[in-house]
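*Asks:* Reminder that position 37 of the sequence shown reads as 64 in the working numbering, one-by-one numbering, no gaps.
All residues carry an ideal CB built from backbone N, CA and C; glycine is no exception.
Quick one: this structure, given as structure tokens, is what I'll be asking you about.
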Amino acid sequence: MKTGKRESDCLFLGLDSSTQGLKACVVDHNLKVVYEGAVNFDAELPEFKTEGGVHRHPDGLTVTSPAIMWVAALDRLLQKMKDAKCPIGRISALSGSGQQHGSVWMKKAARRALRQLDARRALREQMEGVFSVADSPIWMDSSTSRQCAERERALGGPQAVADLTGSRAYERFTGNQIARIFQERPAAYEATDRIALVSSFVASLLVGDYVPIDASDGSGMNLMDLRRKAWDRVALDCTAPGLGARLGPIVLSHAVIGKIHGRYVEGLGFDANCLAVAFSGDNPCSLAGLRLQRAGDIAISLGTSDTVFGSLAEPRPSATEGHIFANPVDPAAYMAMVCYKNGSLTRESVRDQSAGGAWDTFNGLLDTTPAGNEGRIGFYIKEPEITPPILKTGTFRFNGAGEKVDSFPPEADVRAVLEGQFLSMRLHGAHIGLKPSSILATGGASANRSIIGVMANVFGVPVYVGEQPNSAASGAAYRALHGWKCADHGSFVPFDKALSATAPFKRAAEPDKKAHAVYSAMLERYAGLEKQVIGRQ
Ligand code: ADP
Ligand code: XUL
28 MKTGKRESDC
38 LFLGLDSSTQ
48 GLKACVVDHN
58 LKVVYEGAVN
68 FDAELPEFKT
78 EGGVHRHPDG
88 LTVTSPAIMW
98 VAALDRLLQK
108 MKDAKCPIGR
118 ISALSGSGQQ
128 HGSVWMKKAA
138 RRALRQLDAR
148 RALREQMEGV
158 FSVADSPIWM
168 DSSTSRQCAE
178 RERALGGPQA
188 VADLTGSRAY
198 ERFTGNQIAR
208 IFQERPAAYE
218 ATDRIALVSS
228 FVASLLVGDY
238 VPIDASDGSG
248 MNLMDLRRKA
258 WDRVALDCTA
268 PGLGARLGPI
278 VLSHAVIGKI
288 HGRYVEGLGF
298 DANCLAVAFS
308 GDNPCSLAGL
318 RLQRAGDIAI
328 SLGTSDTVFG
338 SLAEPRPSAT
348 EGHIFANPVD
358 PAAYMAMVCY
368 KNGSLTRESV
378 RDQSAGGAWD
388 TFNGLLDTTP
398 AGNEGRIGFY
408 IKEPEITPPI
418 LKTGTFRFNG
428 AGEKVDSFPP
438 EADVRAVLEG
448 QFLSMRLHGA
458 HIGLKPSSIL
468 ATGGASANRS
478 IIGVMANVFG
488 VPVYVGEQPN
498 SAASGAAYRA
508 LHGWKCADHG
518 SFVPFDKALS
528 ATAPFKRAAE
538 PDKKAHAVYS
548 AMLERYAGLE
558 KQVIGRQ
């Protein structure tokens, strides 16, 4: 399909429906950012009463977000773009990113509503009542241990599930969430016509129809055969009956999935020919945004979740940790990742308790303590953890002699939370082949140079940052450009060829050799204490 347009006239939009908010990034053909905007769920849509974008349920394990909140946020963000005079009419292609694993449950009425979207009425009003499950389970949920055990039994054990789908069964992975809803709310399952991921759902709102799930975000479900990029029949059947029809097809991540719906042409001035490229997960989109292609190029994202990831030619899925996903920009490649639930929100809670709620104070306290924290090591498990799996929450502190203690001085807590997080990333990342020669840091906390400094020292490599800390939204915009180029060319164009401009990253932290040696010596002790904490559950 020839688009018939000059690239230099075109703009590309990336959306990122993340845990705490919805963001937009528009770039030109040189990847120069021409617009950025955001809607924060807690602050700007207070009627949904979320904290950090989510509802935590009393069982301590179930975490959901209202699907209609994501709908309301999209209208609000698009209006902001219009009000800011973003040149919407020049956007030739759009794509998006979504928090991974979350599921959106739609009744038959949803498809009708999507197809008939009307520019004169709020999106929210038109989508109200079309969900069979109004509160979407999201990635922070850890309530499906039973369903995970059932999946591993049905498919031949954790290694077999990992070999097939790229990951052993994980509580937050969509297939296990679907199994729980089928078991506990059969009527809701029965009433469901389509189950989308957060990414494909937001795409549906823009295209005005159901759209396929992309292979990269689809890898986070425990349902897809990673190598064939197709649903696995046995994995579907052990989840719920009639699931294949409810999930719809899988496409490659650079595929064009449709054009923008007339509602947005009429109401906001989008070009009727604006293409929609398959939406994907936030981590895959960040991989695209950071343009990680070579082994040893590793990214660490410090967002609501913390993740460590990189590109990989040959997948070696692990029965104990980490994930392998289809690569979002290269159909022949993969990506490896480890994910932590105790990321920014856990750092924030230490900041609030020890530093009066201010990052400047937090950074100041960090500077008063030496690398290695005089042997103190802490595990701050505010949320049930994924890596390693620690479902019991609490703070576990050890002094230099390895004895458990009840408290640290505030400055030691500040250092311990950061050192613990980065030591864990170094330890577990290495287990799945993520050994950095340099690190690209992204996500909200990557704006903090003190935090980045500890990262550089723990890993002993330089850390780079991009122009804007949100690589998921810019990555989605780059993927829009990539998909548009492939469509224009009529066949696959390598990502690095499609993106001619060089990556705008700057060196933000250098490792200090002495500090790095301290951390290398600490790693074994850290691993031993981690085993103790896991053993206490
Ligand atoms: P999401 O995963 O929802 O996309 P972001 O990547 O936008 O999240 O990151 C949001 C987080 O960034 C906030 O929860 C906040 O703790 C963190 N953050 C923002 N600025 C700083 C800072 N200067 N120092 C440390 N953390 C920060
Ligand atoms: C990845 C994961 C999180 C979410 C939210 O497996 O659970 O990183 O994608 O960012």
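Going by other Cβ atoms of all chains shown within 10 Å of its Cβ, with 16 needed for buried, is GLY493 buried or exposed?
*Replies:* Taking the sequence shown and counting its residues from 1, the one referred to as residue 493 is at position 466. Per the 10 Å Cβ criterion, buried.
*Asks:* The beta strand (DSSP E) with ILE284 in it runs from where to where?
*Replies:* Reading the sequence shown from its first residue, position 257 is the one you call residue 284. Element bounds for ILE284: 283-286.
*Asks:* The alpha helix (DSSP H) spanning GLY391 covers which residue range?
*Replies:* Stepping through the sequence shown from its first residue, residue 391 is reached at position 364. 386-394 is the span of the alpha helix (DSSP H), which, as asked, contains GLY391.
*Asks:* So who's on the other strand from GLU412, going by DSSP bridges?
*Replies:* The sequence position of residue 412 within the sequence shown is 385, counting from 1. ILE417, per the DSSP bridge assignment.
*Asks:* Straight-line CA distance for LEU58 to LEU526?
*Replies:* Translated into the one-based positions of the sequence shown, residue 58 becomes position 31. Translated into the one-based positions of the sequence shown, residue 526 becomes position 499. The alpha-carbon atoms of LEU58 and LEU526 are separated by roughly 8 Å.
*Asks:* Whose beta carbon lies closer than 6 Å to any heavy atom of the ligand XUL, going through the chain in order?
*Replies:* Any residue whose Cβ sits closer than 6 Å to a heavy atom of the ligand XUL makes the list: THR46, GLN126, GLN127, HIS128, TRP166, ARG199, GLY247, GLY308, ASP309, ASN310, GLY330, THR331, SER332, THR334 and CYS366.
*Asks:* State the DSSP-derived secondary structure class of TRP511, mapped to helix, strand or coil.
*Replies:* As a position in the sequence shown, residue 511 is number 484, starting the count at 1. Helix at TRP511.
*Asks:* Looking at C-beta atoms only, is the number of pairs between the region 467-478 and the region 503-513 that lie closer than 8 Å three or more?
*Replies:* Contact fails: fewer than three Cβ-Cβ distances are below 8 Å.
*Asks:* Is there at least one non-hydrogen atom of the ligand ADP closer than 8 Å to the beta-carbon of PRO97?
*Replies:* Along the sequence shown, read from residue 1 onward, the residue named residue 97 stands at position 70. Per the sequence shown, the amino acid found at residue 97 is Trp instead of Pro. Flag unset: Cβ of TRP97 not near the ligand ADP.
*Asks:* Quick check: PRO344 and SER194, are their CB atoms within less than 9 Å of each other?
*Replies:* Taking the sequence shown and counting its residues from 1, one reaches residue 344 at position 317. Taking the sequence shown and counting its residues from 1, one reaches residue 194 at position 167. A contact, by the Cβ cut-off of 9 Å.
*Asks:* Rounded to whole angstroms, what is the Cα-Cα separation between GLY384 and SER371?
*Replies:* Taking the first residue of the sequence shown as 1, we reach residue 384 at position 357. Taking the first residue of the sequence shown as 1, we reach residue 371 at position 344. Computed Cα separation, rounded: 13 Å.
*Asks:* Measuring only the C-alpha atoms, how far is VAL292 from ASP298?
*Replies:* Here the question's residue 292 lines up with position 265 in the sequence shown. Here the question's residue 298 lines up with position 271 in the sequence shown. Straight-line Cα distance between these residues: approximately 6 Å.
*Asks:* With H, G and I counted as helix, E and B as strand and the rest as coil, what does DSSP make of ARG343?
*Replies:* Start at 1 with the first residue of the sequence shown, and residue 343 comes out as number 316. Here ARG343 sits in coil by DSSP.
*Asks:* What residues in its chain sit with their C-beta under 6 Å from that of ARG69, if we drop five residues either side in the sequence?
*Replies:* Position 42 of the sequence shown, counted from the start, is the residue given in the question as residue 69. Inspection of the sequence shows that residue 69 is occupied by Asp rather than by Arg. Result list for ASP69: THR77, in chain order.
*Asks:* Say the cut is 8 Å; is the CB of LEU372 nearer than that to a heavy atom of the ligand ADP?
*Replies:* Taking the first residue of the sequence shown as position 1, residue 372 is located at position 345. LEU372: yes, Cβ under 8 Å from the ligand ADP.
*Asks:* Less than 9 Å between the beta carbons of ALA267 and PHE209, yes or no?
*Replies:* Along the sequence shown, read from residue 1 onward, the residue named residue 267 stands at position 240. Along the sequence shown, read from residue 1 onward, the residue named residue 209 stands at position 182. Yes; because the gap between Cβ atoms is below 9 Å, this pair is in contact.
*Asks:* Return the residue from the list ALA140, LEU88, ILE115 and GLU348 that minimises the CA-CA distance to VAL98.
*Replies:* Counting from one through the sequence shown, the residue named residue 98 turns up at place 71. Residue ALA140 is the option with its Cα nearest to VAL98.
*Asks:* Around the C-beta of GLU217, are 16 or more other C-beta atoms found within 10 angstroms, so that it is buried, or is it exposed?
*Replies:* As a first step, residue 217 is located in the sequence shown; it is residue number 190 there, counting from the start. Under this definition GLU217 is an exposed residue.
*Asks:* Could you check which residue in LYS107, PRO436 and ALA536 has the C-alpha nearest to that of VAL490?
*Replies:* In the sequence shown, residue 490 corresponds to position 463, counting from 1. VAL490 has its Cα closest to that of ALA536, out of LYS107, PRO436 and ALA536.
*Asks:* Would you decide whether ASN400 is buried or exposed? Buried here means 16 or more other CB atoms lie within 10 Å of its CB.
*Replies:* For the purposes of this step, residue 400 is identified with residue 373 of the sequence shown, where counting begins at 1. That one is buried.
*Asks:* Thinking just about the alpha-carbon of each residue, which of ARG83, SER498, ASN300 and VAL225 is nearest to the one in LEU274?
*Replies:* Counted from its first residue, the sequence shown places residue 274 at position 247. The candidate whose alpha carbon is nearest that of LEU274 is VAL225.
*Asks:* Residues bridged to GLU78 by DSSP?
*Replies:* Reading the sequence shown from its first residue, position 51 is the one you call residue 78. Paired residue(s): VAL81.
*Asks:* Going residue by residue through the region 457-491, where are the continuous beta strand (DSSP E) segments of at least 3 residues, counting only ones entirely within it?
*Replies:* Counting only runs of 3 or more, we get 465-469.
*Asks:* With a threshold of 8 Å, establish whether the CB of GLU375 neighbours any heavy atom of the ligand ADP.
*Replies:* By one-based count along the sequence shown, residue 375 stands at place 348. Result yes, Cβ under 8 Å from the ligand ADP.
*Asks:* Return yes when at least one heavy atom of the ligand NAD lies under 8 Å from the C-beta of SER246, else no.
*Replies:* As for the ligand NAD, it is missing from this structure, which binds only the ligand ADP and the ligand XUL.
*Asks:* Would you report the Cα separation of PRO311 and ALA500, rounded to the nearest angstrom?
*Replies:* Position 284 of the sequence shown, counting from 1, holds the residue named residue 311. Position 473 of the sequence shown, counting from 1, holds the residue named residue 500. Spanning the two alpha carbons is a distance of roughly 11 Å.
*Asks:* Just to confirm the assignment: which complete alpha helix (DSSP H) runs, minimum length 4, are found wholly within the region 252-294?
*Replies:* Listed in chain order, the complete alpha helix (DSSP H) runs (minimum 4 residues) inside the region 252-294 are 260-264 and 270-274.
*Asks:* Helix or strand or just coil, what does DSSP make of CYS113?
*Replies:* Residue mapping note: residue 113 aligns to position 86 of the sequence shown, counting from 1. Coil.
*Asks:* Just checking my contact of THR422 with GLY405 at CB under 8 Å: how many whole Å lie between their CB atoms?
*Replies:* Here residue 422 refers to the residue found at position 395 when the sequence shown is read from its first residue. Here residue 405 refers to the residue found at position 378 when the sequence shown is read from its first residue. About 7 Å separates the two Cβ atoms, so the contact holds.
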